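First to last, the sequence lines map onto chains V and D. Per this note's numbering, residue -11 is the first one in the first sequence, and the count goes up by one each step. Per this note's numbering, residue -11 is the first one in the second sequence, and the count goes up by one each step. Backbone N, C-alpha and C define an ideal beta-carbon position, used for all residues, glycine too. Since the model is a prediction, treat every value here as computed from it, not as a measurement.
2 protein chains.
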Amino acid sequence: MDSATRRPRTRIQQEKRELILEAALEVFSARGFRGATVDQIAEAAGMSKPNLLYYFRSKEDIHVTLMRRLLDTWLAPLRDLDDIGDPMTELRSYIRRKLEMARDFPRESRLFANEILQGAPRIMPILEGDMKALVDEKVEVIRGWMRAGKIARTDPYHLIFSIWATTQHYADFDVQVRAVLGPDRGGEGRFEDAARFLEQLFLNGLRPTA
Amino acid sequence: MDSATRRPRTRIQQEKRELILEAALEVFSARGFRGATVDQIAEAAGMSKPNLLYYFRSKEDIHVTLMRRLLDTWLAPLRDLDDIGDPMTELRSYIRRKLEMARDFPRESRLFANEILQGAPRIMPILEGDMKALVDEKVEVIRGWMRAGKIARTDPYHLIFSIWATTQHYADFDVQVRAVLGPDRGGEGRFEDAARFLEQLFLNGLRPTA
DNA sequence: GCAAATTTTGACCGATTGGACAAACGTTAG
DNA sequence: CTAACGTTTGTCCAATCGGTCAAAATTTGC
């Protein structure tokens, strides 16, 4: 039986696969796909390399599984951007949630950034498929807000890009942010400061000029 | 004689080193430090591997040289941010120049992003030294504008971060941007659209609330 | 308790990598 | 021509890597 190909049946397989994915997230996000070695992942997972390769066919297999799972949770905040509430409140919530994810899941953000930087060789179909479809859908929501005069008329695509860029920056470029802020201002409070700034920038910058 | 350690004397050495650095920028920015091989760089430079290693002691040596040179040009736009002009005009110029750099020198941007993502193992001293000093200096300029009521009071550090993040996003996450925009909107015009959006966002978002 | 199935590992392999080295090649000055 | 110097490359090496395999250890079903 090839236990790695089928959905794991036993609880041990489920747990071990979870353990490996957690270890792989740690190693991949810190060193990139090519910089990470199977041995490092195995050690981080507390098992031998052949044992790890008993649960996953290959290094690539781990990465693909990790990436597929990641994208789902990564796009969740955008999925929740909804038409029902007040536009400004919706946008503020979205920015805040994205910033919280950069703070609480920096490894996921860096793993994703690494993949995109390398040209997204493994997730390009998803970018052009589900992700584009989701963005297109939310762009229409934003366009509705603009037509209703609730927020300033501007390019919704680049609005989304700029929210992604500014929030993920605090995960992907964390070492730079902390180096520039220095020991006194670079503590945990930097996320509070960032939240305040981004809220002001976007809410002020998108206030309708009516 | 170790011609690689001393400053190159002959014109040939100067030219070959330049050729290698150009090739290394291409390869490093596309595949990261660990993903790039000396053979690939040598082939891109049109020479054999031992020949390349005649001009640079090691792969690391190439990367360090490249990185040191890059940082100088990379921070040039911020250096030019000056106190003399109108604040809003200064900020607009800065944003526009950074965006032009993302468009014209995406390899440099990706090389830098890669280094930071890996924890900046090779340039941390520069980040904490020259770069922090430069940012601190420009933060004071921006604070002056705020005290004079020329722009809204907000956190200057995070203002700079957000300009970095939004502009470099169009180089570092280029494949994602183009995948989401699709074939029709993802052409060269995307930089024009981005410039318009960012100008509106920042200039509107920073308008003094007096 | 025991046999079958599952899990774990030590040993190993072929491929790739960064780098060393000496011999060969080219160029220039006398 | 030729000696000296700078340049180029074929060959090689030790280390590292992803992955295999058969055997051992453990767990599970009865």
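Cβ-based burial, residue i [other Cβ within 10 Å; buried from 16]
i	result
S46 (chain V)	exposed
E96 (chain V)	buried
R5 (chain D)	buried
N39 (chain D)	exposed
P171 (chain D)	exposed
S36 (chain D)	exposed
A202 (chain D)	Within the shown structure, residues of chain D are numbered from -11 to 198, placing residue 202 (chain D) beyond reach of any answer.
G193 (chain D)	buried
A167 (chain D)	buried
I151 (chain D)	buried
Q156 (chain D)	buried
Q2 (chain V)	exposed
D162 (chain D)	buried
E212 (chain D)	No statement about residue 212 (chain D) is possible, as the shown extent of chain D runs from -11 to 198 and does not include it.
A24 (chain V)	buried
Contacting residues, own chain, Cβ-Cβ under 7 Å from residue i (five flanking each side not counted)
i	result
R(-6) (chain V)	With a pLDDT of only 47 at R(-6) (chain V), under 50, the local geometry of the prediction cannot be trusted, and no value is derived from it.
A11 (chain D)	I29, A32 and A33
D160 (chain V)	S97, R98 and A101
M55 (chain V)	E103, R110 and I111
L58 (chain V)	E96, L99 and F100
P196 (chain V)	G137, K138, I139 and A140
P94 (chain D)	A159 and D162
L169 (chain V)	R178
M119 (chain V)	L63
L69 (chain V)	E78, Y82, K126 and V129
Neighbourhood of residue i by C-beta, 8 Å cutoff - its chain only, sequence neighbours within 5 removed
i	result
H51 (chain D)	A12, F16, F21 and R110
E187 (chain V)	R80, I83 and R84
F44 (chain D)	A(-8), R5, I8, I50 and T53
E115 (chain V)	First, the residue type needs correcting, since residue 115 (chain V) is Leu and not Glu in the sequence shown. Hits under 8 Å: A108.
R(-1) (chain V)	none
V127 (chain V)	P144, Y145 and I148
V123 (chain V)	L66, Y145 and I148
Beta-carbon proximity list for residue i, same chain, < 6 Å, skipping 5 on both sides
i	result
I234 (chain D)	For residue 234 (chain D) there is no data in the structure shown, the boundaries of chain D being -11 and 198.
M(-11) (chain V)	With a pLDDT of only 40 at M(-11) (chain V), under 50, the local geometry of the prediction cannot be trusted, and no value is derived from it.
R91 (chain D)	F179
P75 (chain D)	W133, K138 and I139
D27 (chain V)	K37
G174 (chain V)	R166
E14 (chain V)	A32
D71 (chain D)	V129
CB-CB length for residue i against residue j, believed under 8 Å
i	j	result
M89 (chain D)	P113 (chain D)	Between P113 (chain D) and M89 (chain D) the Cβ distance is about 23 Å, and since that is not below 8 Å, they are no contact.
Y225 (chain D)	L105 (chain D)	A question about residue 225 (chain D) goes unanswered here, because the residues of chain D that appear run from -11 up to 198.
L147 (chain D)	F185 (chain V)	7 Å
T154 (chain D)	T154 (chain V)	6 Å
- prompt: Which of the residues in the segment 44 to 62 of chain D, read from start to end, lie with their CB under 8 Å from any CB of chain V?
  reply: none
task: Quick one: which residues of the segment 149 to 163 of chain V get their C-beta closer than 9 Å to a C-beta of chain D? List them in chain order.
output: F149, S150, W152, A153, T154, T155, Q156, H157, Y158, D160, F161, D162 and V163
field: Contacting positions in the segment 119 to 137 of chain D - beta carbon closer than 7 Å to chain V
entry: M119, K120 and V123
- prompt: Between the segment 79 to 99 of chain D and chain V, which residues of the former have CB atoms less than 9 Å from a CB of the latter, in chain order?
  reply: R98
message: For the segment 168 to 181 of chain V, list every residue whose C-beta sits within 8 Å of some C-beta in chain D, in sequence order.
response: Result list: V168, L169, G170, R173 and D181.
Members of the segment 64 to 75 of chain V near chain D, C-beta cut-off 9 Å: none
- request: Please name the residues in the segment 5 to 16 of chain V whose beta-carbon is closer than 9 Å to at least one beta-carbon of chain D, in chain order.
  value: none
query: Looking at chain V, which residues of the segment 102 to 118 of chain D have a Cβ within less than 8 Å of any of its Cβ atoms?
result: N102, I104, L105, Q106, G107, A108, M112, L115 and E116
task: Quick one: which residues of the segment 15 to 40 of chain D get their C-beta closer than 8 Å to a C-beta of chain V? List them in chain order.
output: Cβ contacts with chain V come from A18, R19, G20, F21, R22 and G23.
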